[in-house]
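Novice:
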Amino acid sequence: MTNSITHRLGMLRQKMAETGIDLALIPHADPHQSEYMADHWHVREFFSGFNGSAGTLLVAADEAALWTDSRYFLQAESQLEGTGIRLMKDGLPSTPSITGYIAGRLRAGQRVGIDGMLFSINAEAALKSELRRHGIKLETNFKPADGIWDNRPGIPAEKIFIHHEKYAGESASEKIRKILADAGKENAGATLISALDAIAWTLNLRGNDVKFNPVFTAFLYLADGGSTLFIDERKLTGDIKAYLAGNGVETKPYTEIEPFIAALPEGVRVLADPASTSSAFLNALGSRIVTAPSPVTILKGIKNPVQQKGIHEAMLRDGVALVKSIMEIQRRLSAGETLTETGVAEILTHFRSQSPMYFDDSFGTIAGYKGHGAIVHYEADKQSEYTLEPDGLLLIDSGAQYLDGTTDITRTISLGNPTDAERHDFTLVMKGHIALGSAIFPEGTRGDQLDAFARQFLWKEGKSYLHGTGHGVGHFLNVHEGPQSIRLNHVPTVLRPGMLTSNEPGLYVTGQYGIRCENLVLTTDAFETEFGRFLKFQTVTLFPFDIRLFDTAIMTDAEIEWVNNYHLRVRESLTPLLSADEAAWLAEATHPLTKQNKP
Numbered sequence: 125m126t127n128s129i130t131h132r133l134g135m136l137r138q139k140m141a142e143t144g145i146d147l148a149l150i151p152h153a154d155p156h157q158s159e160y161m162a163d164h165w166h167v168r169e170f171f172s173g174f175n176g177s178a179g180t181l182l183v184a185a186d187e188a189a190l191w192t193d194s195r196y197f198l199q200a201e202s203q204l205e206g207t208g209i210r211l212m213k214d215g216l217p218s219t220p221s222i223t224g225y226i227a228g229r230l231r232a233g234q235r236v237g238i239d240g241m242l243f244s245i246n247a248e249a250a251l252k253s254e255l256r257r258h259g260i261k262l263e264t265n266f267k268p269a270d271g272i273w274d275n276r277p278g279i280p281a282e283k284i285f286i287h288h289e290k291y292a293g294e295s296a297s298e299k300i301r302k303i304l305a306d307a308g309k310e311n312a313g314a315t316l317i318s319a320l321d322a323i324a325w326t327l328n329l330r331g332n333d334v335k336f337n338p339v340f341t342a343f344l345y346l347a348d349g350g351s352t353l354f355i356d357e358r359k360l361t362g363d364i365k366a367y368l369a370g371n372g373v374e375t376k377p378y379t380e381i382e383p384f385i386a387a388l389p390e391g392v393r394v395l396a397d398p399a400s401t402s403s404a405f406l407n408a409l410g411s412r413i414v415t416a417p418s419p420v421t422i423l424k425g426i427k428n429p430v431q432q433k434g435i436h437e438a439m440l441r442d443g444v445a446l447v448k449s450i451m452e453i454q455r456r457l458s459a460g461e462t463l464t465e466t467g468v469a470e471i472l473t474h475f476r477s478q479s480p481m482y483f484d485d486s487f488g489t490i491a492g493y494k495g496h497g498a499i500v501h502y503e504a505d506k507q508s509e510y511t512l513e514p515d516g517l518l519l520i521d522s523g524a525q526y527l528d529g530t531t532d533i534t535r536t537i538s539l540g541n542p543t544d545a546e547r548h549d550f551t552l553v554m555k556g557h558i559a560l561g562s563a564i565f566p567e568g569t570r571g572d573q574l575d576a577f578a579r580q581f582l583w584k585e586g587k588s589y590l591h592g593t594g595h596g597v598g599h600f601l602n603v604h605e606g607p608q609s610i611r612l613n614h615v616p617t618v619l620r621p622g623m624l625t626s627n628e629p630g631l632y633v634t635g636q637y638g639i640r641c642e643n644l645v646l647t648t649d650a651f652e653t654e655f656g657r658f659l660k661f662q663t664v665t666l667f668p669f670d671i672r673l674f675d676t677a678i679m680t681d682a683e684i685e686w687v688n689n690y691h692l693r694v695r696e697s698l699t700p701l702l703s704a705d706e707a708a709w710l711a712e713a714t715h716p717l718t719k720q721n722k723p
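For the sequence shown, position 386 (counting from the first letter as 1) is numbered 510 according to my numbering, and the numbering increases by one without interruption.
(1) Could you name the residues of the same chain whose beta carbon sits closer than 7 Å to that of Pro280, not counting the 5 residues immediately before and after it, in chain order?
(2) State buried or exposed for Ile317, treating a residue as buried only when at least 16 other CB atoms are found within 10 Å of its CB.
(3) Within the continuous alpha helix (DSSP H) that includes Val687, where are the two ends?
(4) Pairs of beta-carbons, one from the stretch 397-405 and one from the stretch 414-426, closer than 8 Å: are there three or more?
(5) Taking 8 Å as the cut-off, does the stretch 357-371 touch the stretch 172-192 (at least 3 CB pairs, one atom from each stretch)?
(6) So for Asn371, helix, strand or coil by DSSP?
(7) Alpha carbon to alpha carbon, how far is Pro389 from Glu642? Give it in angstroms, no decimals.
(8) Is Thr531 helix, strand or coil by DSSP?
(9) From Ser703 to Ile222, what distance separates their C-alpha atoms?
(10) To the nearest angstrom, how far is it from the Cα of Asp348 to the Cα of His258?
(11) Alpha carbons only, please: which of Gly293, Ser297 and Met140 is nearest the one belonging to Val433?
(12) With distances taken from CA atoms, which of Gly370, Glu382 and Asn337 is nearest Ile355?
(13) Going by C-alpha distance, which of Ala707, Glu585 and Glu452 is nearest Val468?
(14) Give me the DSSP bridge partner(s) of Tyr637.
(15) Any contact between the stretch 475-494 and the stretch 555-571? By contact I mean 3 or more CB pairs, one from each, below 8 Å.
(16) Starting from the Cα of Leu631, find the closest Cα among Gly586, Leu644 and Asn613 and give me that residue.
(17) Does DSSP put Asp521 in a helix, a strand or coil?
(18) If you reduce the DSSP assignment to three classes, tell me which class Arg476 lands in.
(19) Rounded to whole angstroms, what is the Cα-Cα separation between Arg455 and Glu374?
(20) How many Å lie between Pro470 and Phe651 at the Cα?
(21) Below 8 Å on the Cβ atoms is my guess for Leu601 versus Asp321; work out the distance and round it to an integer in Å.
(22) For Asn643, which residues does DSSP report across the bridge?
(23) Just checking, does the stretch 567-582 make contact with the stretch 616-633 on the three C-beta pairs under 8 Å criterion?
(24) Tell me the residue span of the beta strand (DSSP E) that contains Leu346.
(25) Could you check whether the Cβ of Arg657 sits closer than 8 Å to any Cβ belonging to chain B?
(26) My understanding is that Arg693 touches Leu710, with C-beta atoms under 8 Å, so please give their C-beta distance in whole angstroms.
(27) If you draw a straight line from the C-alpha of Arg168 to the C-alpha of Ala498, how long is it?
(28) Leaving out five residues on either side along the sequence, give the residues of the same chain with a beta carbon under 6 Å from the beta carbon of Arg657.
(29) With distances taken from CA atoms, which of Ile323, Asp146, Tyr510 and Asp193 is nearest Ile260?
(30) Are the beta-carbon atoms of Pro542 and Leu457 separated by less than 8 Å?
(31) On the three-state DSSP scale, how would you describe Lys213?
(32) Is it buried or exposed for Ser411, if we count other Cβ within 10 angstroms and need 16 for buried?
(33) So who's on the other strand from Tyr589, going by DSSP bridges?
(34) Span of the beta strand (DSSP E) holding Lys506?
(35) May I ask you to report which of helix, strand or coil DSSP gives Lys359?
(36) Measuring alpha carbon to alpha carbon, tell me which of His599, Lys584, Pro607 and Val687 ends up nearest Met554.
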């Protein structure tokens, strides 16, 4: 693989020299600004070998570098080894920004090449502004893979299907009406939607173009006078065409979006979200564009009562599958059978897939044993995976796509007798998880204002984690969804009732173990006083934490009570759905904690 990467970079540099490009920037992106995308768009991976979901590759004539965040530092170090590509650890004080690095390398008049379809309006504007300060030119029509990636996968042409209103809770026509009404508040009579999950949500349609994400490749143009879906016609059945027509949506080929946009009358005002719309459309729309956040983002982020009911049903289903899975893992280890990290992932998928409501996993299962657990977004493979033994910690981060909801859960499990250090660190993480899950906060609170709830106990000991504490979760859609999040950095979106968010603090000791404790929580009303309306989180995930890992000597009575009450709810919710053996296992796994005094 290393030789292949070196050869590909050599071909790219030759292409750059022939086209007058001094430096190429290759993001992990597609024309829809997706986090997860079809293989066709994995251009950065093709040239670097790094397959993490975040990162940008910079290629110059005599060097190459890749920026990625803390989730992928260890993975990137491994995958970039021997390629000659330098790892730039984004977010660390010692790491220069991409634009700062470029400014230090290039002279005024030299050219940076990007594919404008792979950069959002915001991203290109920020890049162009910084480069202009140094007199560096930006070429936005540079296609790195063209002529080099010979066997490039095509854009998927899988059939799409209807996500019925009994799960969605609202018709497509009503959603379109709301979106256009909100666009009208920005003095726009139309809106261009590029984000694949936003298109799927708007039309109550789902697809299978992107692994783990039930979306399909398309663009959607909504207007008062009629709407158009730009999509490969091979993806449409007669029933789907009739369904779209019934909602006032015609179809055109996917490749016709750019000429269609360019040909719109001058008087049309089109709202486009600068965070999710490719910069190429900015040039095509010109003065007709209205840049503003997409109305879909907040509408999609707030789950309606039907969706919330589905979420609770999905959590019950998922909890049962997890009981069966962990029992099977423990059975195999007790029997002395060989079990690897990929074997753990296969067990989870097997039991989840037994439900007729199951569609797919919601992401690739992270089963990190011992030191692999410290790699935040570790993905096991047959070449590097560990074989489980009856000791150490196993971190399992997994989830499923059910027709009525998306799940995402992380549990850290001891496979033997946990050490004092493991129990101490686990309990610190859980104290933060409990504090955030128990928080009551005034209406208008943002996620960054709550983040310290989860980190405070780690901080007191000089420990922390570099990833966010919580992300939004879609409804039978992407497991990572905006607009809300809980993190250290500023988050402009306030938390609103109906938002589904993860609560997942962690701690990672390189080479030894990783700990993460994740539940999903719904924002709900708490109460109202003379000081205003207050909100809280309702934990919806249903599966126990490993009680062997709690050090109750450093827990308050209230924290112990929280764990016991949560485990009681898990037991009461799942037991009627389990066999006698499974119910007995769950009863043992949820045995109440008691206070142990410090020695």
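For glycine and all other residues, C-beta sits at the position ideal for the given N, C-alpha and C.
Specialist: Once the coordinates are examined:
(1) Ala162, Asp333 and Thr341
(2) buried
(3) Asp681 to Leu698
(4) yes
(5) Contact between the stretch 172-192 and the stretch 357-371 is absent, with fewer than three C-beta pairs closer than 8 Å.
(6) coil
(7) Between Glu642 and Pro389, the C-alpha separation is close to 50 Å.
(8) Thr531: coil per DSSP, three-state reduction.
(9) Near 56 Å, if we compare the C-alpha coordinates of Ile222 and Ser703.
(10) Answer to the nearest angstrom: the Cα atoms are 44 Å apart.
(11) According to the sequence provided, residue 433 is Lys. The question's Val does not apply to it. Of Gly293, Ser297 and Met140, the residue nearest in Cα terms is Gly293.
(12) Glu382
(13) Closest option to Val468, Cα to Cα, is Glu452.
(14) Its beta-bridge partners are Val633.
(15) no
(16) Gly586
(17) strand
(18) helix
(19) 55 Å
(20) Per the sequence presented here, residue 470 reads as Glu, with Pro not at that position. Glu470 and Phe651: Cα-Cα distance of roughly 44 Å.
(21) With a beta-carbon spacing of about 5 Å, Leu601 and Asp321 fall inside the 8 Å limit used to define contacts.
(22) Asn627
(23) Because the criterion of three Cβ pairs below 8 Å is met, the stretch 567-582 and the stretch 616-633 touch.
(24) Phe343 to Ala347
(25) Absent from the structure: chain B. Only one protein chain is present.
(26) Incorrect: roughly 12 Å between the Cβ atoms, too far for contact.
(27) 24 Å
(28) Glu567
(29) Asp146
(30) Cβ atoms of Pro542 and Leu457: not closer than 8 Å.
(31) strand
(32) exposed
(33) Answer is none; Tyr589 lacks a bridge partner.
(34) Per DSSP, Lys506 belongs to no beta strand (DSSP E) and is neither H nor E.
(35) helix
(36) Val687
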